[in-house]
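A.B. asks: Read top to bottom, the protein sequences are chains U and B.
Here the numbering used here is used: the first residue of the first sequence is 46, the next is one more, and so on.
Here the numbering used here is used: the first residue of the second sequence is 141, the next is one more, and so on.
We treat Cβ as the ideally placed atom computed from N, Cα and C, and that holds for glycine.
Just so we're clear, the structure is a prediction, and the values are computed from it rather than from any experiment.
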Amino acid sequence: MLLLALDTSAAATVALLADDTVVGRFSSGDTRSHAEVLAPAIRQILADAGVTGADLDAIVAGVGPGPFTGLRAGLVTARTLSFVWDVPLHGVMSLDALALAAVAAGAVDAGSTFLVGTDARRGEVYWASYRAGGSQDMDVAGPPELLDGPHVGAAGTLPPGVPLVGRAASLYPSDVVGVPAFAAADPDAVSLGRAARSRILSDLPLLDTTPLYLRESDARVPGPRKRATA
Amino acid sequence: MSAQPLVLGIESSCDETGVGIVRGTELLTNTVSSSMDEHVRFGGVIPEIASRAHLEAFVPTLRAALDDAGVTLGEIDAIAVTAGPGLSGALMVGVSAAKALAVATGKPLYAINHLVAHVGVGVLGGTFPEGLPPNLGALLVSGGHTEILRVGDLAHDVELLGSTIDDAAGEAYDKTARILGLGYPGGPAIDRVARDGDPRAIRYPRGLSQPKYMGTAGEPGPHRYDWSFSGLKTAVARSVEQHEAAGLELPVADIAASFQEAVVDVITSKAVLACREHGITNLLLGGGVAANRRLRELAAERCGAAGITLTVPAPSLCTDNGAMVAALGAQIVLGGRRPSGITFGTDPSLPVTSIALPDRNHQ
Ligand SMILES: [Zn+2]
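#1: Check whether the Cβ of B/S282 sits closer than 7 Å to any heavy atom of ligand 2, and report yes or no.
#2: Verify the CB distance criterion: does B/M232 have a CB-CB separation below 8 Å to chain U?
#3: Out of B/V281, B/S228, B/G485, which one is the CA nearest neighbour of U/P85?
#4: Output, in chain order, the set of chain U residues within a Cβ distance shorter than 9 Å of B/G361.
#5: Which runs of the beta strand (DSSP E) spanning at least 3 residues fall entirely within the region 199–265 of chain B, listed in chain order?
#6: Within 10 angstroms of its Cβ, does U/L279 collect 16 or more other Cβ (buried), or is it exposed?
#7: Return yes when at least one heavy atom of ligand 1 lies under 7 Å from the C-beta of B/G427, else no.
#8: In terms of alpha-carbon separation, which member of B/L255, B/A244, B/I482 lies closest to B/G514?
#9: Checking 8 Å against the spacing of the C-beta atoms, do U/V129 and U/T254 come in under that value?
#10: Once DSSP output is grouped into helix, strand and coil, what is the label at B/L300?
#11: CA-CA distance, U/E190 and U/T76?
#12: Taking Cβ to Cβ, would you say U/A226 is nearer than 8 Å to U/P188?
#13: Verify whether the separation of the beta carbon atoms of B/S370 and B/D314 is less than 8 Å.
#14: Taking Cβ positions only, does U/T66 come closer than 8 Å to chain B?
#15: Taking only the alpha-carbon atoms, compute the straight-line gap between B/G246 and U/T122 and give it to the nearest angstrom.
#16: Would you say B/F182 faces chain U, with C-beta separation under 8 Å as the test?
#17: In chain B, which residues lie less than 9 Å from U/D263 when you measure between Cβ atoms?
#18: Determine the chain B residues that contact U/I87 at a beta-carbon separation under 7 Å, and present them in chain order.
#19: Under 7 Å Cβ to Cβ from B/L348, same chain only, skipping five residues before and after it: list those, please.
#20: Can you say whether U/S174 is buried or exposed, counting buried as having 16 or more other CB atoms within 10 angstroms of its CB?
#21: Here's the rule I'm using: 16 or more other beta-carbon atoms within 10 Å means buried, otherwise exposed. How should B/L249 be labelled?
#22: By how many angstroms is the C-alpha of B/V403 removed from the C-alpha of B/A397?
#23: Determine whether the Cβ of U/L71 lies closer than 8 Å to any Cβ atom of chain B.
#24: At the level of alpha carbons, what is the spacing between B/R478 and B/G469?
#25: Return yes when the C-beta of B/D155 is under 7 Å from any heavy atom of ligand 1, and no when it is not.
#26: So for B/V162, helix, strand or coil by DSSP?
#27: Among B/D460, B/S174, B/A205, which residue has its Cα nearest to the Cα of B/I216?
#28: Relative to ligand 1, is the shortest distance from any of its heavy atoms to the C-beta of B/D331 smaller than 7 Å?
#29: Please list, in chain order, all residues of the same chain as B/A244 whose beta carbon is under 6 Å from its beta carbon, the five residues on each side excluded.
#30: Is the shortest distance between the beta-carbon of U/L47 and the beta-carbons of chain B less than 8 Å?
#31: Between U/A84 and chain B, is the shortest Cβ-Cβ distance under 8 Å, so that the two count as touching?
#32: Which two residues bound the contiguous beta strand (DSSP E) that contains B/G462?
#33: Just to check my reading of the structure: U/G119 and U/T163 have Cβ atoms closer than 8 Å, yes? What is that Cβ distance to the nearest angstrom?
#34: Could you run through the region 228–244 of chain U and flag, in chain order, every residue whose CB is less than 7 Å away from some CB of chain B?
#35: Tell me where the beta strand (DSSP E) around U/V105 begins and ends.
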């Protein structure tokens with residue numbers, strides 16, 4: 046199974062996976078240059094691997110939650126590639142990638158409940174709670190099970206005392222119990238691709254690529270005019 | 141490549157998702173999906189709502205454009221996309237999509253200037269049957285911009301002579317329409333009501349018209365060809381208040397007509413002045429507000445008096461669209477310029493002197 050995965054819910058990340066083997070990967074150093082770096086990274090990875098779009102079995106895109114502008118850059122890229130190459134397109138919740146990475150690394154205990162939290166800016170986090178499978182081997186246990194979420198809110202409002210995987214742990218150390226090895230981790234395309242593969246192998250449904258904004262546009266309907274110069 | 145390049149253009153700088161396809165100067169499709177209806181209740185374009193709409197509209201608009209033009213992506217010679225100026229988040233969607241399209245098809249990509257594309261549209265649809273005329277200028281008036289340009293050569297030489305220093309003219313219409321309770325978009329609403337009003341009822345200010353801003357032809361002031369519309373909106377608000385305070389019925393038609401007259405008067409007088417002083421004898425009127433009845437009327441009158449030939453493209457080519465991007469892209473291809481590559485960034489305030497972005501990797 047040859048998958049091109051990309052996630053732009055935090056950094057811009059791209060991975061080419063042949064079954065469980067990482068053929069190529071890219072991650073941007075920042076969270077604000079997605080529209081610039083994403084397409085060149087995809088082209089490079091495919092060229093280095095000698096793969097064309099038509100060779101892909103599917104494209105997998107992280108649907109967030111994440112800051113809107115970067116998220117959209119990834120989703121419109123994935124949708125356009127899928128359209129032109131006529132390759133199936135799947136969405137995966139971006140927090141699923143972190144959850145899977147933490148379980149695969151043994152950073153959370155088998156069968157335990159844990160949280161994933163990322164930077165939602167404005168003093169808030171995107172988060173969800175998961176239960177790890179009975180085995181670190183995703184081919185055996187399937188991907189971590191989503192119990193609740195995704196949500197957006199202040200770190201202080203998360204379920205207390207539950208280990209948290211992701212950047213929210215280093216941003217809000219006094220509010221959450223961080224898993225040290227993953228305290229500065231963001232969703233990554235390699236884990237996203239593996240989450241998609243795990244769901245496909247486990248016969249679990251995948252998402253479409255509707256973005257998970259979780260917040261309204263902030264637009265306000267103007268109220269009735271009180272004073273003309275107001 | 142055939143003599144006439146087949147170019148697909150992508151536009152997403154404001155609230156229209158546009159995909160146009162041209163073969164040289166021949167228009168094959170001008171497919172547009174607008175999020176305007178979603179902005180009505182807010183009385184203006186909300187950037188985040190526009191950006192969300194671009195994401196949802198892009199692939200369906202692309203598909204519809206290819207169907208309408210009856211061409212395949214494989215036949216396309218080049219892709220062009222608006223890189224700026226415009227709303228940052230909105231530009232980001234079109235540019236990301238265009239780059240993905242370039243990667244997936246292997247076609248060269250040109251990152252081009254939205255304002256110059258408004259002029260580039262002039263090569264299409266028989267707007268100028270003999271091709272772009274010499275001594276050309278462009279007056280662009282829309283919800284997002286108000287500019288007067290000198291166009292030496294579409295692919296290489298465009299100069300900004302003047303622009304608004306605050307609100308765009310279309311924005312002033314929207315804000316004034318809100319004050320008068322006329323709804324959104326403000327341009328058509330005010331134009332409609334203004335027909336029944338007296339344009340001389342109230343003398344609203346013509347921004348940046350005082351001698352200290354204008355100077356003389358020999359010694360131009362700091363804003364000789366620039367506009368300002370924010371004071372006008374305040375003046376309208378003040379006259380509404382005065383009527384309310386006096387318990388008088390609001391003369392909406394007179395206010396609308398007087399406001400419109402102030403906008404159109406100052407736009408056309410400064411534009412014609414700029415033309416005269418820069419040897420411009422052919423003026424293209426573009427942008428969404430080019431559809432405004434009074435603007436066209438007064439522009440025609442004043443251009444006629446000054447010996448300037450005024451040309452207004454079809455309304456569907458004046459508002460933001462992908463065909464204008466494709467049209468400029470084709471001219472740039474024919475002008476022999478290199479593609480922009482796929483590493484360029486968007487630029488919300490891209491100057492008109494930057495007609496097509498250079499390839500960062502081949503400079
Ligand atoms: Zn425009």
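C.D. replies: In this structure, then:
#1: In the structure shown, ligand 2 is absent; the only ligands present are ligand 1.
#2: Output row for B/M232: interface = yes.
#3: Comparing C-alpha distances from U/P85 to each of B/V281, B/S228, B/G485 shows the shortest one belongs to B/G485.
#4: Within 9 Å Cβ-Cβ: nothing; B/G361 doesn't reach chain U, min ~29 Å.
#5: Segments of the beta strand (DSSP E) lying fully in the region 199–265 of chain B: 218–224, 249–253.
#6: The structure shown does not extend to residue 279 of chain U, since chain U is modelled only from 46 to 275, so the question has no answer here.
#7: Yes.
#8: What the structure shows of chain B is the stretch from 141 to 503, and residue 514 of chain B is not part of that stretch, so it cannot be assessed.
#9: Not in contact: U/V129 and U/T254 (Cβ atoms no closer than 8 Å).
#10: Residue state, collapsed to three classes: strand.
#11: Taking the straight line from one Cα to the other gives about 28 Å.
#12: Cβ distance not < 8 Å, so U/A226 and U/P188 don't count as in contact.
#13: No, Cβ-Cβ distance for B/S370 and B/D314 is not below 8 Å.
#14: Not an interface residue.
#15: Their backbone Cα atoms lie some 15 Å apart in a straight line.
#16: Yes, its Cβ sits closer than 8 Å to a Cβ of chain U.
#17: The answer, in chain order, is I186, E188.
#18: In chain order: V243.
#19: Within the same chain, B/L348 has close Cβ partners H363, D366, W367, S368.
#20: With 16 or more other Cβ atoms within 10 Å, it is buried.
#21: Result: buried.
#22: The alpha-carbon atoms of B/A397 and B/V403 are separated by roughly 10 Å.
#23: The question names Leu, yet the displayed sequence has Phe at residue 71 of chain U. So, not an interface residue.
#24: If you take the alpha carbons of B/R478 and B/G469, they lie about 11 Å apart.
#25: B/D155: no, Cβ never under 7 Å from ligand 1.
#26: The DSSP-derived three-state label of B/V162 is strand.
#27: That would be B/A205, whose Cα lies nearest to the Cα of B/I216.
#28: A distance criterion of 7 Å places the beta-carbon of B/D331 beyond contact range of ligand 1, judged by its closest non-hydrogen atom.
#29: Hits under 6 Å: none found.
#30: No, no contact with chain B.
#31: Output row for U/A84: interface = yes.
#32: First-last for B/G462: 462–474, but that is the alpha helix (DSSP H), not the beta strand (DSSP E).
#33: Contact check for U/G119 and U/T163: beta-carbon distance about 14 Å, past the 8 Å limit, so the pair fails to qualify.
#34: Those would be none; no residue qualifies.
#35: Where U/V105 is concerned, the enclosing beta strand (DSSP E) stretches over 103–107.
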